[in-house]
Amino acid sequence: AERDALKKREAELLAAHERAWLGELAPHLLDRPPEPNYDDPNHDWTQPEPPPSPRVEYRWRRGRLAELTVECVTVKLAQALADAPAAWALDTLRVTSTAYNLGMQDEAAPRRVPPPPEYRTYDEWLDLLGAPCLRTVRVFQLGDENEPPEDGWCDNHTRAYGIERLVAEMPRVEELHLICKSYNAAALFALPTLTRLRVLRMYALGEPWGDAVYEIPLDVLAANPALGRLAHLSLHPHFAHDRSFVPLARVAPLLRSPNLPNLTHLQLRLSDMGDDGVREIIASGVLKRLKWLDLRHG
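Counting from -5, one number per residue, gives the positions in the sequence shown under the working numbering.
This is the structure in structure tokens:
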């Protein structure tokens, strides 16, 4: 009964103050068309379908936005999030995709951050650079939440040029879920700010065509002394018929790294290590502390 009363009071407070608290974020979180209810027997099927509305979910905690999931980041949403005091204690930020990746970008929109010259694209989420909310983020995800299928194929169309720059501004980050590609993994792995990182999940990294082919530089990750708390490392790279993005030469330094004393869960899929890799895993001694090992599709 007491909890019901508290929930009622919560609803009253939000009804009275939520728009003011959200500020510039309010139009993006509150003023959204309702989803059509196709289960409603009175649904009018003769009317044209409304345009798709990107999904946004959020949760309050202690007077601040605590969690935000955005299906499509636009320039205006990124800028509102960067400036909103309500988001200055943001704990969890999940971005499924961006307007650029979905072909919905507004190229005429003024940008908050000058376009970095080294990027082939200037995704909307780069307007979050310098945002106060990044300093409190503990869980960050970029890309759609889908486990790769059992046949090993791991394709993904979310390109994240420069995501390492955004992560560099998250000194409290504990979980990184990067279900995307086209970023600089070596720069990400070398960040000295990852001292709290416990979970690193990277799916779809690797490009199997043209001059973009590269291996995942796990040796750079292994050499970073800031990763002493890393416990879960999960890799399922992009699939290619004639090569592996996780060869033994890159994996061996990871297995023997003194900088990863808390690594207990290791997933290295689509590697071509073969029997030599199995021998190296055993000889490295890493099995003494691993609780979970996934070498599928090797």
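For every residue, glycine included, the Cβ atom is placed at its ideal position computed from N, Cα and C. As the structure is a prediction and not an experimental result, all values here were calculated from the model.
Between the options, which lies nearest to residue i when the distance is taken from Cα to Cα?
i    : options                : result
R195 : A220, E4, E141, R26    : E141
S228 : N253, L264, S251, A246 : L264
A246 : R56, D270, R106, R237  : D270
T63  : V69, G200, D85         : D85
R290 : L257, D149, L170, M267 : M267
P143 : K285, Y197, E6, I275   : Y197
E209 : L262, E118, L185       : L262
K285 : L260, S278, I275, R273 : L260
A216 : F134, P255, H230, S238 : P255
N218 : A243, L248, H230, R237 : L248
P186 : N253, A243, G156       : N253
D145 : E6, P241, R55, H230    : H230
A220 : L188, A(-5), D38       : L188
R55  : A83, N36, D34, W39     : A83
G279 : L8, D288, L257         : L257
E61  : P21, E4, R(-3), R132   : R132
A78  : H37, D38, G124         : G124
S238 : Q41, G292, R26         : G292
R13  : D25, E4, D34, D236     : D25
Excluding five sequence neighbours on each side, which residues of the same chain lie with their C-beta closer than 6 Å to the C-beta of residue i?
i    : result
R192 : E168, R223, A225
P104 : none
K282 : none
R88  : T63, Q135
S251 : A216
W147 : F233
Please report the residue range of the alpha helix (DSSP H) in which residue i lies.
i    : result
S278 : 268 to 278
I157 : 157 to 161
A78  : Counting along the chain, A78 falls outside any alpha helix (DSSP H), and DSSP gives it neither H nor E.
D288 : Careful: D288 lies outside any alpha helix (DSSP H), inside the beta strand (DSSP E) at 286 to 288.
L23  : 20 to 23
L182 : 179 to 183
Name the two residues that bound the continuous beta strand (DSSP E) containing residue i.
i    : result
W15  : Premise fails: W15 lies in the alpha helix (DSSP H), -4 to 16, not in any beta strand (DSSP E).
F380 : What is shown of the chain runs -5 to 292, which leaves residue 380 out entirely.
V193 : 193 to 197
D121 : It is not in any beta strand (DSSP E) - D121 carries neither H nor E in the DSSP assignment.
I103 : In the sequence as displayed, the identity of residue 103 is Ala instead of Ile. Neither: A103 is in no beta strand (DSSP E) and is coded neither H nor E.
H232 : Segment: none, H232 is in no beta strand (DSSP E) and carries neither H nor E.
V214 : V214 -> not in any beta strand (DSSP E); alpha helix (DSSP H) instead, spanning 212 to 216.
L59  : 58 to 67
V245 : Unbroken run through V245 is the alpha helix (DSSP H), 242 to 249; no beta strand (DSSP E).
L87  : 86 to 92
L262 : 259 to 262
H171 : 169 to 173
E51  : 50 to 55
Within the same chain, show all residues whose beta-carbon is closer than 7 Å to that of residue i, passing over the 5 residues directly before and after it, in chain order.
i    : result
A80  : W15, L16, G17, L19, R58, L59
L122 : A72, L75, A76, L128, L160
R106 : Q73, A76, D121
A180 : P211, V214
R190 : R166, V167, E168, R223
V69  : D100, A103, R105, E118, D121
L242 : M267, D270, G271, E274
L287 : L260
F183 : P211, V214, L215, N218
Whose C-beta lies closer than 8 Å to the C-beta of residue i among residues of the same chain, with five residues either side of it excluded?
i    : result
L23  : L16, V50, Y52
S91  : E65, C66, V67, G137, D138, T152
K175 : N150, T152, R153, A154, A198, L199, G200, E201, H232
R244 : E209, I210, P211, L212, D213
L0   : none
Give a yes or no on whether the minimum CB-CB distance between residue i and chain C is below 7 Å.
i    : result
T152 : No chain C is part of this structure, which consists of one protein chain only.
At a cut-off of 6 Å, would you count residue i as near the ligand HEM, judging by its Cβ distance to the nearest heavy atom?
i    : result
D270 : With respect to small molecules bound, the structure shown includes none, and the ligand HEM cannot be examined in it.
### Query
When the Cβ atoms of the segment 121 to 133 are set against those of the segment 147 to 164, are three or more pairs found closer than 8 Å?
yes
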